[in-house]
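Line by line, the protein sequences give chains A and B. To convert, count from 1 in the first sequence and add 640; that's the numbering used here. To convert, count from 1 in the second sequence and add 42; that's the numbering used here. No residue lacks a Cβ here, since even glycine has one placed at the ideal position from N, Cα and C. Some notes on the structure that comes next.
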Amino acid sequence: KAGVTQTPRYLIKTRGQQVTLSCSPISGHRSVSWYQQTPGQGLQFLFEYFSETQRNKGNFPGRFSGRQFSNSRSEMNVSTLELGDSALYLCASSSGERTANEKLFFGSGTQLSVL
Amino acid sequence: KQEVTQIPAALSVPEGENLVLNCSFTDSAIYNLQWFRQDPGKGLTSLLLIQSSQREQTSGRLNASLDKSSGRSTLYIAASQPGDSATYLCAVTFLSVGSQGNLIFGKGTKLSVKP
Numbered sequence: 641k642a643g644v645t646q647t648p649r650y651l652i653k654t655r656g657q658q659v660t661l662s663c664s665p666i667s668g669h670r671s672v673s674w675y676q677q678t679p680g681q682g683l684q685f686l687f688e689y690f691s692e693t694q695r696n697k698g699n700f701p702g703r704f705s706g707r708q709f710s711n712s713r714s715e716m717n718v719s720t721l722e723l724g725d726s727a728l729y730l731c732a733s734s735s736g737e738r739t740a741n742e743k744l745f746f747g748s749g750t751q752l753s754v755l
Numbered sequence: 043k044q045e046v047t048q049i050p051a052a053l054s055v056p057e058g059e060n061l062v063l064n065c066s067f068t069d070s071a072i073y074n075l076q077w078f079r080q081d082p083g084k085g086l087t088s089l090l091l092i093q094s095s096q097r098e099q100t101s102g103r104l105n106a107s108l109d110k111s112s113g114r115s116t117l118y119i120a121a122s123q124p125g126d127s128a129t130y131l132c133a134v135t136f137l138s139v140g141s142q143g144n145l146i147f148g149k150g151t152k153l154s155v156k157p
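See the structure below:
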């Protein structure tokens, strides 16, 4: 069974540009969550999508947005990039069932550098 | 505000030693608690998940305990090996967030096991 796939693995952008990251969840999983990881703040939740609908959202500005397609693949977009957006962006997939033994499976991440 | 704290931030031990990593959280109303491992520049690997109704989980040389009333969890690693060197992250799903895609992470404990 293939794991969670994130593309691209690395990205270099300049301030003011926009970027789109992609995540393909494990087959059969309907929930995709996105996280930002920085040395200072650690891992922070961005948003979760389930069956093409945003189910939960973290405390990030509107420049950060996402969407999910009918095949459960998800994209995350960051507009008007700032230096502080440099981070490892991780996505996680799960079945989306709200049970106490629900595990999240993470991809390898996209390392974004903003110059 | 729900928070997860891990101590120590870093730990160095000789090979073969047994060790304990600590995690505390601010709200006892949780779905579950998970321990993850992260190697440098990589994604997260799920180690153990403890449901809110459970007291402990074991996998190989790893044992995780949960004390909801005191807001604490420990990860015990027996007979440590150099291959255990990584950052260990504790993550909690609080009931108030409404979905399991939103994990609150601690900052992690960076473990180094010396041969």
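Mind checking which residues open and close the beta strand (DSSP E) that includes Q657 of chain A? For Q657 of chain A, no beta strand (DSSP E) segment is defined, and its DSSP state is neither H nor E.
Test item: CB-CB of N144 of chain B and E688 of chain A under 8 Å: yes
Determine whether the beta carbon atoms of G150 of chain B and F746 of chain A lie at a separation below 8 Å. no
Answer yes if the segment 52 to 69 of chain B comes into contact with the segment 684 to 698 of chain A, meaning at least three C-beta pairs across the two stretches below 8 Å, and no otherwise. No, the segment 684 to 698 of chain A is not in contact with the segment 52 to 69 of chain B.
Residues from the segment 128 to 153 of chain B in contact with chain A, defined by Cβ distance under 9 Å: L131, A133, T135, V139, G140, S141, Q142, G143, N144, L145, I146, F147, G148, K149 and G150
Tell me the DSSP secondary structure of V672 of chain A in three-state form. strand
Neighbour flag for G113 of chain B against chain A, beta carbons, 8 Å: no
Three-way DSSP call (helix, strand, coil) for V55 of chain B in this model: strand
How big is the Cα-Cα spacing for P50 of chain B and V754 of chain A? Answer to the nearest angstrom: the Cα atoms are 31 Å apart.
Under 8 Å between the Cβ atoms of S95 of chain B and S127 of chain B? no
Going along the chain, which residues of the segment 75 to 93 of chain B sit with their C-beta nearer than 8 Å to a C-beta in chain A? The segment 75 to 93 of chain B vs chain A, Cβ under 8 Å: Q76, F78, G83, K84, G85, L86, T87, S88, L91 and Q93.
Please state the DSSP three-state secondary structure of S691 of chain A. coil
I'd like to know whether the C-beta atoms of L723 of chain A and S734 of chain A end up nearer to each other than 8 Å. Contact flag unset, no.
What do you get for T739 of chain A, buried or exposed, if any count of 16 or more other CB atoms within 10 angstroms of its CB means buried? exposed
Just tell me which of B:I119, B:G148, B:V139 and B:K110 has its CA closest to the CA of A133 of chain B. B:G148
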